[in-house]
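Structure first, commentary second.
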Amino acid sequence: MQSSCENISLYISGIYAPCSSAKTLVISFIGMQTQEVAIKPHVKVVMGNDAELLDEVVVVAYGTAKKAAFTGSASTIKTEQLEKRQVSNVTQALSGAVAGVQTLSDNGQPGTTAKVRIRGIGSINAGSSPLYVVDGVPYDGDLASINNADIETMTVLKDAASSALYGARGANGVIIITTKKGKTGKAKVNFDARIGVNQRGTRNYDVLQNPATYMEKAYEAIYNGQIYNQGKTAAEANMLANQILPTNQTGGLGYQIYTVPQGQQLIGLNGKLNPNATLGYSDGKNYYTPDNWRDETYKNNTRQEYNLSVSGGGEKLNYYISMGYLDDKGLIDNSGYERYSLRAKGDYDIQTWLKMGASMSYVYSNSRYPGEQTTTNSSGNAFLMANMIAPVYPMYIRNADGSKMLDSRGRVVYDYGDAQYSAAKRGSFMPGANPVGNLLYDKEAYMSDALSTNWYATITPIEGLKFTARIGLDVNNRRYNALSNPYYGQFADGGGSATQVHDRYYGFDQQYIANYTKTFNEVHNLDVMVGYDGYSYHEDEVQAYGTNLYNPNIGFVNNTIDNKSGYGSADSYATVGVIARANYDYAEKYYFSASYRRDASSRFHPDNRWGDFYSASAAWVMNKEAFMENISWIDLLKLKVSYGQQGNDQILDLKGYDNYYPYLDQYRMTGANGIFADGTLYYKGNKDLTWETTHAFNLGVDFELWKGKLSGTVEYFSRKSSDMLYNKPVAPTAGYSTIPMNIGSMTNSGLEIDLSSRIFDTNDLKWDVNLNATFLKNKINELHPDLNGELIDGTRIYSEGESMYRMYLVQYLGVDSETGKVLYYAEDKDGNPITTSTYSVAASYKKATDDLLPTVYGGFGTTLTFHGFDASIQFAYQLGGTIYDSGYASLMHGGSGNYAGRNWHKDILNSWNPNNTNTNVPRVDSNDSDNDVMGTSDRFLTSSDYLSINNITIGYTLPKKLLQKIGVEKLRVYCASDNVALFTARAGLDPRQSYTSATSARYTPARTISGGLSLTF
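Per the working numbering, residue 209 is the first one in the sequence shown, and the count goes up by one each step.
Okay, structure coming up:
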């Protein structure tokens, strides 16, 4: 080694530093770990983050806090994670991403909002959705209106210490969305484009797909009906079953699709299809042959998204402007979500004592949303038909030569099974229905103009004292238009119909906050805040309806001449809160925080409108103690505890919508010809109704070890809801079915684990892994005294001391091996257990199931970067739960008249017959409804365990040296796939729909595969 440093120098961050005669070089930088290296002519230094110096900032209620000083429970999703997801609604990106957060979605329509649950559901009848706060102001707009590309962070506040200051609206947790802003430096232009394709993201149930197999099973059901219920001989049953099969008699399909040689039967005495039969049949006018309804229904449609932003800033001003376009065409015709978005945000330091800022976003969206796709028993539900219809029906009307029939306008004629264009008619399964035809010839769309504005000003009259005023306004004008065509389907007889709806809502929030910070003797740090938060909401709606269209292509009510009707309504809501918070720490080692909010809600009678809620929390940074100063592998060890109360005022009506006036009796006005009739009472109010109160306790530890190699949080939580808002059933003789009351209590408790590790961290290779898990328990502590500790509501049962997630079902005991009849649990007159084959008898002896909730849920993932290449994968999972599989139940019917023409699951091939008596599947029988799926039973409970691959992203960033030549700062090309795969106990089951039941008659989630590029210059 040279003793002199004539040829050695150091150049860091634009500063040239000549070398001295020293042999060791000490390199330090704010927020980085100090490095000591031997002096050489060429030195390569890798500096890691310093966990103590680089203290991450966490967004909290009405401000921010250093991560080390934060005493509550919160998790943050950063823009890097969000940018990987191809979702049209930001809530979909939360799946598996945050401990304690679970998303449920039973609607794959692009743009729809997932149900987000933070640490369980705190009430039986009250709302359970979290409050969304955008840039400090509660957000009232459609969450699909927020462009993911504009989001800097999403912070989930989970305990009372972190969310109590938001009052009633934050009782179910708070999700704070912080949008991007400009940074000091030259202007940056970012452009991101991606285009791809949507595919069906979940498998269908393993149903019968071969027409011959289905015909044989349908024949067997009719045959068994004749043998076991009509006393026919085998020969007679065979003859009658062949006669009934193509008709609309009990068990018949209504269609003949096979050509059989004259004098021969379609199905022989052996129950098998005649080998001489050929698929396809002509009656001289029409030709009948099955179509694949799933292939005709599901489409591989495109999804494209483009985002452009310009940002920058100087010493006093920073700015961010963005534009975005999204076109997500969904999975079926005339379904999709199109969005144009514009956002502008700026902050300006006018004086040393005055700072102002504002943001504005405007979004126009057009949601082509055929609403019946979420109605599980609707004839307009394309998913119901595609997943459930037997593989023997044509989708199109065909001419005798097999060509598709065209109407007088040149349109393809779809087969609605109503004998309008052919002699065939579906007798039982959805007669008069063809949703694919409806999707083409009907029109349905929601159009929205959403404006969101946010303005603030901060005055600092003296050091440490700040006054902030913040005003937020969300305005949304929505228009819904629907046209039902006058040619085909259920509205054809009436000449078609038109529906128009317009609603306008706005939310206005005003906050006035004073904050004072002071440090005493360099170790006592005090932060005090007081303020006022006032919020008001108003919504107006008008709608009109008419039938018999003059022009079949115009969906306006003035284009109709019959059955015109109109409707209008308005709702208002307001809250007022006085807030205060005090934070204190000693030497950044011991932290204490307390908050208080006095809240008022217009939902309650003026005598019960106000509530007082508070929180208290503390934290101890143990690694700063003297007894741990020599433990070098611990970078952070913080113990924290919190307790607090929050109010919840969001009681829902019986349809699950907000009721803004639950303390008032509510009537429907009736009358005619200028004479008012007595109003009809449809909701009984309760002026004594008041706040549901949540008591939340949190105990946790945050840690960082081995210079950031491993970090995480472990927390125990308990969330007790008392005085639950509850629609108590009453005797129908009262003239109403329920009355709102405060009654009972319930507790959600559990454990959260959130871990992350940076396995490798070098200039060339970085490898991160993460895992989160939530263990959740639910228990009803108390119900109304009149209920004697138990409430039965259809298939749900609520009992004191038990979970609210239990079902009340008939018990299935299997199959009588002698007869093939179903066996259910019942009791004799002395209370002794017996079996019965009659469902109506068994329904008197239902039993409660065990808790359906999963034992644990969460997510995990990994990210790897190597020499410009990057790859990541993210999973979500759920283990230990049970769900009622109603989709499978409807496919395991017995072939009775109510189910003829509905498909079967392949498990039906194991149904009882004289040669297969050792089975758990009853015989199929068109004349025996007791062997059918007439009601729910525990036969169809199954595991709700699942593993989903939420996202896979692979990309490559071109070398900077190459890009500098063309003036480009960064260019990345990538391929991404969302909703990649779902693994469940049964193919076709999607446990992500709800905690209790799942069906296949819902809009299926889409798998999206895209390629894109991201450019910065």
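Just so you know, even glycine gets a beta-carbon here, dropped at the ideal spot from N, CA and C. Just so it is clear, the structure is predicted and the values come from calculations on it, not from any experiment.
Reduced DSSP secondary structure (H/G/I, E/B, other) of residue i
| i | result |
| --- | --- |
| W663 | strand |
| T1207 | coil |
| L933 | strand |
| T1224 | strand |
| P454 | coil |
| P498 | coil |
| D779 | strand |
| Y868 | coil |
| K1114 | helix |
| V306 | coil |
| N1159 | strand |
| G521 | strand |
| T421 | helix |
| Q874 | strand |
| E504 | helix |
| G908 | strand |
| Y1013 | coil |
| T902 | strand |
| K987 | strand |
| T583 | coil |
| V320 | A small fix is needed here, since residue 320 is Thr in this sequence, not Val. Coil. |
| D298 | Sequence inspection shows Val at residue 298; the Asp mentioned does not correspond to that position. It is helical. |
Residue i - partner residues in DSSP beta bridges
| i | result |
| --- | --- |
| D1136 | Paired residues: none, contrary to the question. |
| P948 | N935 |
| S1218 | G404, A1184 |
| F800 | Y792, A826 |
| G328 | Per DSSP, none; premise fails for G328. |
| T1090 | S1151 |
| Y1020 | Y1032 |
| L474 | None; L474 has no bridge partner. |
| N767 | Beta-bridge pairing links N767 to no other residue. |
Bounding residues of the beta strand (DSSP E) (the contiguous stretch that carries residue i)
| i | result |
| --- | --- |
| S1052 | Premise fails: S1052 is in no beta strand (DSSP E) and is neither H nor E. |
| W828 | 818 to 829 |
| M603 | Here M603 belongs to no beta strand (DSSP E), and DSSP marks it neither H nor E. |
| F812 | Careful: F812 lies outside any beta strand (DSSP E) and carries neither H nor E. |
| D535 | 525 to 536 |
| L170 | Residue 170 is absent from the model: the chain starts at 209 and stops at 1225. |
| A273 | 271 to 274 |
| K563 | 562 to 576 |
| Q853 | 842 to 856 |
| A485 | From DSSP, A485 is part of no beta strand (DSSP E); its letter is neither H nor E. |
| V837 | With the sequence shown as reference, residue 837 is identified as Glu, and Val is not the correct amino acid for it. Where E837 is concerned, there is no enclosing beta strand (DSSP E), given that its DSSP letter is neither H nor E. |
Span of the alpha helix (DSSP H), counted from its first residue to its last, around residue i
| i | result |
| --- | --- |
| Y545 | Element bounds for Y545: not the alpha helix (DSSP H) but the beta strand (DSSP E), 544 to 559. |
| S1094 | 1094 to 1098 |
| Q1172 | 1168 to 1172 |
| A1108 | That residue, A1108, is in no alpha helix (DSSP H); it is neither H nor E in DSSP. |
| N595 | 590 to 596 |
| L290 | 287 to 290 |
Any non-hydrogen atom of the ligand NAP closer than 8 Å to residue i Cβ
| i | result |
| --- | --- |
| K1178 | The model on display carries no ligand, and the ligand NAP is accordingly not part of it. |
Contacting residues, own chain, Cβ-Cβ under 7 Å from residue i (five flanking each side not counted)
| i | result |
| --- | --- |
| W501 | M593, A594, I597, M603 |
Nonlocal neighbours in the same chain, by C-beta distance under 8 Å from residue i, ignoring five residues either side
| i | result |
| --- | --- |
| H710 | N685, R686, R687, Y688, E749, V750, Q751 |
| N759 | N767 |
Cβ-based neighbour list, residue i, same chain, cut-off 6 Å, excluding 5 preceding and 5 following
| i | result |
| --- | --- |
| V1129 | N1118, S1119 |
| D910 | K846, T921 |
| K323 | L312 |
| M655 | N574, R687 |
| Y514 | A401, Y533 |
| A259 | Note that A259 has pLDDT 40, beneath the 50 cutoff, so the model's placement of it is unreliable and no number is given. |
Chain C contact for residue i (CB, 9 Å cutoff)
| i | result |
| --- | --- |
| I961 | Reference to chain C is not applicable here, since this structure consists of a single protein chain. |
**OP:** Starting from the N-terminal side, write out each stretch of the beta strand (DSSP E) that is 3 residues or longer and does not extend beyond the region 335 to 412.
**Re:** Entirely contained in the region 335 to 412, the beta strand (DSSP E) runs reaching 3 residues are, in chain order, 339 to 342, 359 to 365, 382 to 387, 393 to 408.
**OP:** Enumerate, from N- to C-terminal direction, the unbroken beta strand (DSSP E) stretches of 3 or more residues contained entirely within the region 705 to 765.
**Re:** Complete beta strand (DSSP E) runs here, min 3: 705 to 728, 732 to 757.
Original post:
Which residue spans inside the region 617 to 702 form an unbroken alpha helix (DSSP H) run of at least 4?
Top reply: Listed in chain order, they are 643 to 649.
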